[in-house]
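Residue numbers (our numbering), protein chains in the order written: chain L, 26 to 598; chain E, 14 to 246.
Below, the structure is given as structure tokens:
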């Protein structure tokens with residue numbers, strides 16, 4: 026079938042929903058989502074959303090901006106960080122007006138708590154900047170935005186998966202989507218597309234990400250020859266439940282939780298003497314990895330402890346109830362009595378589709394691709410630099426989702442329709458029938474498992490040229506095997522086996538981009554830690570990487586960082 | 014350990030009637046039932062269909078019936094089923110799309126009918142509305158709802174009366190009735206004051222027992238009934 030809308034937004038998490046609320050009424054907008062909208066992964070965000078409201082103690086947007094820049098190891102574009110920090114209070118008040126049930130202070134204002142890397146007076150001490158609803162902040166914000174979208178009558182196509190982007194004469198013409206319930210391919214003919222498809226933590230074995238986080242919306246522009254930016258920067262969250270990778274919010278440390286090694290030592294005192302356990306995520310993850318490597322994991326094993334026992338049952342129930350229940354369910358541990366076994370887990374991608382501050386997708390030359398927009402984790406605004414601070418992600422989604430929506434609404438009058446090509450879904454249908462062909466090919470699950478193992482082993486918290494070259498060789502071998510892979514299920518109704526197969530192409534392509542960018546960056550900065558190049562090298566690498574495919578070859582180049590207020594200096598906490 | 018599964022299989026467009034298929038899976042006691050389903054789908058039989066996403070009880074995708082009890086496959090651990098055959102079926106009372114996947118639109122429509130968004134009186138203040146922490150606490154339990162539909166699948170009344178709005182819709186009604194910032198208290202109460210609304214609940218408590226987020230659903234419904242009576246007098 027052919028569906029026709031002015032604007033199609035792909036992904037119904039916070040960025041997609043917020044953008045949709047901005048453009049509805051201005052043009053005919055539709056949302057498509059591979060899962061039911063309230064299943065999107067924004068809902069897994071726990072700790073909160075940052076804004077210098079100053080409700081609990083003095084705070085300022087300049088401090089927030091500084092923390093964002095320093096947290097990003099100075100790879101953050103400072104004009105973007107300024108927009109974020111200045112707009113944050115408005116964005117949080119707006120959410121409150123929409124009904125988000127933030128926790129409250131005794132005087133009725135929104136309560137705030139401490140979070141990693143957020144400080145007062147340019148790094149002096151931790152500051153309470155995170156607005157929260159217990160430890161399900163993402164979920165309640167998403168519920169509020171979803172029902173607001175329902176109220177406004179926004180059209181949502183649930184369980185429609187984008188499989189191809191269609192351009193004509195360099196301008197967006199539409200996209201091909203697969204309807205999971207029926208197995209039909211549809212063409213969405215539109216003038217504008219907003220990609221808001223989230224991250225791709227499923228490249229790794231241990232991740233806090235959802236099964237749906239396969240980066241389809243990041244890979245498709247890359248496949249079409251557009252560049253991806255800062256792909257080497259992958260955030261490993263320090264506190265994933267051991268073995269499972271399920272997230273234990275930084276809020277646990279914001280509320281007073283302490284990390285201890287096998288000797289019972291509060292080891293973060295050695296790594297970040299001023300803010301200790303509330304250092305940014307890249308530093309804490311490295312510290313944990315080092316403790317484990319040097320034999321100071323618990324019982325010499327591959328995890329350390331997060332100690333919440335001193336917080337008391339009341340605080341755990343009021344502010345950390347979801348994570349308390351995860352710990353009880355998955356580990357059989359009562360966090361008010363016993364410490365929680367944790368280890369780093371792949372959590373967030375700083376890199377993605379390069380965009381302007383209005384969400385316009387940029388090509389290799391830095392020019393806008395007409396009609397194509399991106400927002401949220403799939404995009405790279407150069408906001409989070411080399412490492413994102415906790416609570417800046419939800420904020421990014423609502424601030425820049427809105428800005429992308431505003432820009433699209435404004436451009437609608439100017440942008441003409443492109444004719445739909447003949448049989449736009451032909452190429453996708455061919456990919457599907459190849460996967461469904463009977464043959465001797467390997468199973469998708471086997472190949473995906475090998476990719477995740479290889480990336481976790483060779484492209485994780487620490488990297489070297491040797492490990493990255495091993496990763497690259499594995500990826501290339503897997504891409505070759507993938508070309509002969511097959512799926513069991515040749516049916517058309519709810520064929521998730523087929524979707525797994527199509528998603529694996531995305532994961533392989535994104536792993537390729539990530540490793541190429543990581544090999545080229547011969548320095549250590551933020552979340553990218555090269556053991557063969559341990560220092561930050563501002564002379565050579567205070568630049569954003571761009572990686573793209575041209576004529577079957579992967580190319581890497583760089584573009585400058587925008588520095589306005591804060592000159593790069595040593596990053597200590 | 015080796016686990017024995019018996020799984021409901023049905024493609025309404027192809028099969029005359031549902032059947033049950035046996036599978037054996039090697040599992041770690043700490044694995045989730047969802048991990049076992051994944052092993053089946055990825056390693057043995059790619060034709061099996063079910064929904065999943067976050068894998069840790071936040072997104073609400075994988076509600077199903079496991080050994081007769083509605084729950085999330087990602088919140089059930091293998092060790093709790095040791096030595097038993099595990100029977101996996103779709104949520105009861107929902108039309109089956111395929112295997113363990115059910116049609117959710119009717120369920121969600123009933124939530125949407127509750128106008129599950131804030132309708133506050135007057136203009137927005139410049140900053141946040143103030144709210145007493147005690148008022149905010151009134152919705153603490155119900156904002157945990159993840160729309161997984163386990164409560165609705167478990168409710169015996171749903172089997173007798175398909176028009177019942179169901180426990181989840183009443184939880185969402187409660188969510189805004191007791192939000193001190195909302196201005197539609199009476200209208201919202203009226204919206205559930207009919208025989209297929211709050212009054213259909215017969216206090217079986219199955220919803221409360223199965224809720225993966227430990228929401229005291231039945232208690233909430235009884236509070237609503239009392240509130241309706243109070244508003245009439």
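Heads up, the beta-carbon is just placed ideally off N, CA and C, and yes, glycines get one too.
Bear in mind the structure is a predicted one, so any value in this text is a computation, not a measurement.
At least 3 beta-carbon pairs within less than 8 Å: the stretch 108–117 of chain E vs the stretch 366–386 of chain L: Output reads no: the stretch 366–386 of chain L does not touch the stretch 108–117 of chain E.
Please report the Cβ distance between residue 47 of chain L and residue 123 of chain L, rounded to the nearest whole angstrom; I am assuming they are in contact, meaning their Cβ atoms lie under 8 Å. That pair is no contact at about 13 Å.
Helix, strand or coil at residue 75 of chain E according to DSSP, with G and I counted as helix: Residue 75 of chain E: coil per DSSP, three-state reduction.
Give a yes or no on whether the minimum CB-CB distance between residue 399 of chain L and chain E is below 8 Å. No, its Cβ sits nowhere closer than 8 Å to a Cβ of chain E.
What three-state label does DSSP hand residue 407 of chain L in the structure shown? Here residue 407 of chain L sits in coil by DSSP.
When DSSP labels each residue in this structure, what does residue 156 of chain E get in the three-state scheme? Shown here, residue 156 of chain E sits in a helix according to DSSP, grouped into three states.
Checking contacts by CB at 8 Å: is residue 514 of chain L closer than that to chain E? Yes, contact with chain E.
Neighbour list for residue 55 of chain E in chain L, Cβ cutoff strictly below 9 Å: For a Cβ distance threshold of 9 Å, residue set 468, 469, 470, 471, 473, 474, 522, 525 of chain L lies close to residue 55 of chain E, ordered along the chain.
Any beta carbon from chain E within less than 8 Å of residue 133 of chain L's own beta carbon? Residue 133 of chain L has a beta carbon lying within less than 8 Å of a beta carbon in chain E.
What are the boundary residues of the beta strand (DSSP E) that residue 223 of chain E is part of? Run containing residue 223 of chain E: none in the beta strand (DSSP E); it sits in the alpha helix (DSSP H), 219–223.
Does the beta carbon of residue 550 of chain L come closer than 8 Å to any beta carbon on chain E? Not an interface residue.
Check whether the stretch 481–501 of chain L and the stretch 526–543 of chain L touch, using three or more Cβ-Cβ pairs below 8 Å as the test. Between the stretch 481–501 of chain L and the stretch 526–543 of chain L there are three or more inter-stretch CB-CB distances shorter than 8 Å, so the stretches are counted as touching.
So which of L:512, L:164, L:170, L:232 has the shortest CA-CA distance to residue 119 of chain L? Looking at L:512, L:164, L:170, L:232, the one whose alpha-carbon comes closest to that of residue 119 of chain L is L:170.
If you reduce the DSSP assignment to three classes, tell me which class residue 236 of chain L lands in. The three-state reading of DSSP puts residue 236 of chain L in coil, since its state is none of H, G, I, E or B.
Can you tell me which of the three DSSP states residue 273 of chain L falls into? When DSSP states are grouped into helix, strand and coil, residue 273 of chain L belongs to the coil group.
With a threshold of 8 Å, are at least 3 pairs of Cβ atoms found where one atom belongs to the stretch 432–452 of chain L and the other to the stretch 207–218 of chain L? Judged by pairs of C-beta atoms under 8 Å, the stretch 432–452 of chain L touches the stretch 207–218 of chain L, as three or more such pairs exist.
Taking 8 Å as the threshold (C-beta atoms), are residue 309 of chain L and residue 364 of chain L in contact? No. Outside cutoff.
Tell me residue 539 of chain L's beta-bridge partners as DSSP assigns them. Residue 539 of chain L is not bridged by DSSP to any residue.
Got a sec: is the Cβ-Cβ distance from residue 145 of chain E to anything in chain L below 8 Å? So yes, residue 145 of chain E belongs to the interface.
Scan the stretch 56–75 of chain E for residues whose Cβ lies nearer than 7 Å to a Cβ of chain L and list them as they occur along the chain. Result list: 56, 58, 59, 60, 62, 65, 66, 67, 68, 69, 71, 72, 73, 74.
Residues in its own chain within less than 6 Å of residue 610 of chain L by CB, not counting five upstream and five downstream? Residue 610 of chain L lies beyond the residue range present for chain L, which begins at 26 and ends at 598; the question has no answer from this structure.
Once the 5 residues before and after residue 83 of chain L are set aside, which same chain residues still bring their CB inside 8 Å of it? If we look at residue 83 of chain L and ignore the five residues flanking it on each side, its Cβ neighbours are 145.
Kindly indicate which three-state DSSP category residue 115 of chain L falls into: helix, strand or coil? DSSP places residue 115 of chain L in the helix class (H, G or I) of the three-state scheme.
Could you list which residues in chain E have their beta carbon closer than 8 Å to that of residue 258 of chain L, in chain order? Within chain E, no residue comes near residue 258 of chain L; the closest Cβ sits about 23 Å away, beyond 8 Å.
With a floor of 3 residues, list each beta strand (DSSP E) that falls wholly inside the stretch 515–576 of chain L, ordered by position along the chain. The stretch 515–576 of chain L contains these whole beta strand (DSSP E) runs: 568–575.
Could you tell me which chain L residues have their CB closer than 7 Å to the CB of residue 33 of chain E, listed as they occur along the chain? The premise fails here: residue 33 of chain E is roughly 18 Å from chain L at the closest Cβ pair, so nothing lies under 7 Å.
Using beta carbons (cut-off 8 Å, strictly below), is residue 126 of chain L in contact with chain E? Among the residues facing chain E, residue 126 of chain L is included, as its CB has a counterpart in that chain under 8 Å away.
Using 10 angstroms around the beta-carbon of residue 161 of chain L, count the other beta-carbons present and answer buried if the total reaches 16, otherwise exposed. Buried, because 16 or more other Cβ atoms sit within 10 Å of the Cβ of residue 161 of chain L.
Quick check on this structure: which residue in L:98, L:76, L:397, L:380 has the alpha carbon closest to the alpha carbon of residue 193 of chain L? Residue L:397 holds the alpha-carbon nearest to the alpha-carbon of residue 193 of chain L among L:98, L:76, L:397, L:380.
Closest residue to residue 230 of chain E among E:98, E:191, E:216 (Cα-Cα distance): For the options E:98, E:191, E:216, the alpha carbon positioned closest to that of residue 230 of chain E is the one of E:216.
Check whether the Cβ atoms of residue 244 of chain E and residue 202 of chain E lie closer than 8 Å to each other. A contact, by the Cβ cut-off of 8 Å.
With 8 Å as the threshold, decide whether the Cβ of residue 30 of chain E is near any Cβ in chain L. So no, residue 30 of chain E is outside the interface.
Between residue 56 of chain E and residue 94 of chain E, what straight-line distance do the alpha-carbon atoms span, to the nearest angstrom? Approximately 21 Å between the Cα atoms of the pair.
Strictly by DSSP, which residues pair up with residue 212 of chain L? L:27, L:201.
Return the chain-ordered list of same chain residues with a C-beta closer than 8 Å to the C-beta of residue 145 of chain E, the five sequence neighbours on each side being excluded. Closer than 8 Å at the Cβ level, and outside the excluded window around residue 145 of chain E, lie 193.
Could you check the C-alpha separation between residue 124 of chain E and residue 185 of chain E for me, to the nearest Å? If I take the Cα positions, the gap works out to 7 Å.
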